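Per this note's numbering, the very first residue in the sequence shown carries number 19; after that it's consecutive.
To start, the structure under review is shown below, and the notes come after it.
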Amino acid sequence: MLRMTGYALAAAGFLAVSVAQANQNQLELQQNPELWATQLGNYQGHRFSELDQINQENVNELRSVWQFSTGVLRGHEGGPLYVGDGRLYIHT
19 MLRMTGYALA AAGFLAVSVA QANQNQLELQ QNPELWATQL GNYQGHRFSE
69 LDQINQENVN ELRSVWQFST GVLRGHEGGP LYVGDGRLYI HT
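Quick look at the structure:
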């Protein structure tokens, strides 16, 4: 019984460290202004980007350069996420 308790405590400690590391990685992602790590930009939900390449003077010059149809006609449940690996993730 004591051995089983020891294993359970060791497993719980390992899981706690793993979760803490995963959270740290997510917090580091949102520190990079080039990444939009959550649907609201960051965990505070600011919906604000510090990037300044597009501004009030040049926004009217934007043009569509690529589009993609998933074949789903009822709409999408959420916006795309770009998480810094060169891929844009979408979900339907």
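Even for Gly, the Cβ is constructed at its ideal location relative to N, Cα and C.
All values reported here derive from a predicted model rather than from experimental measurement.
- Here DSSP, grouped into helix, strand and coil, assigns Leu-58 to coil.
- By the Cβ test, the segment 77-85 is not in contact with the segment 93-107, since fewer than three Cβ pairs between them sit closer than 8 Å.
- C-alpha of Leu-69 to C-alpha of Glu-52: approximately 7 Å in a straight line.
- In the DSSP assignment, Leu-69 forms no beta bridge with any residue.
- DSSP, read as helix, strand or coil, puts Leu-45 in helix.
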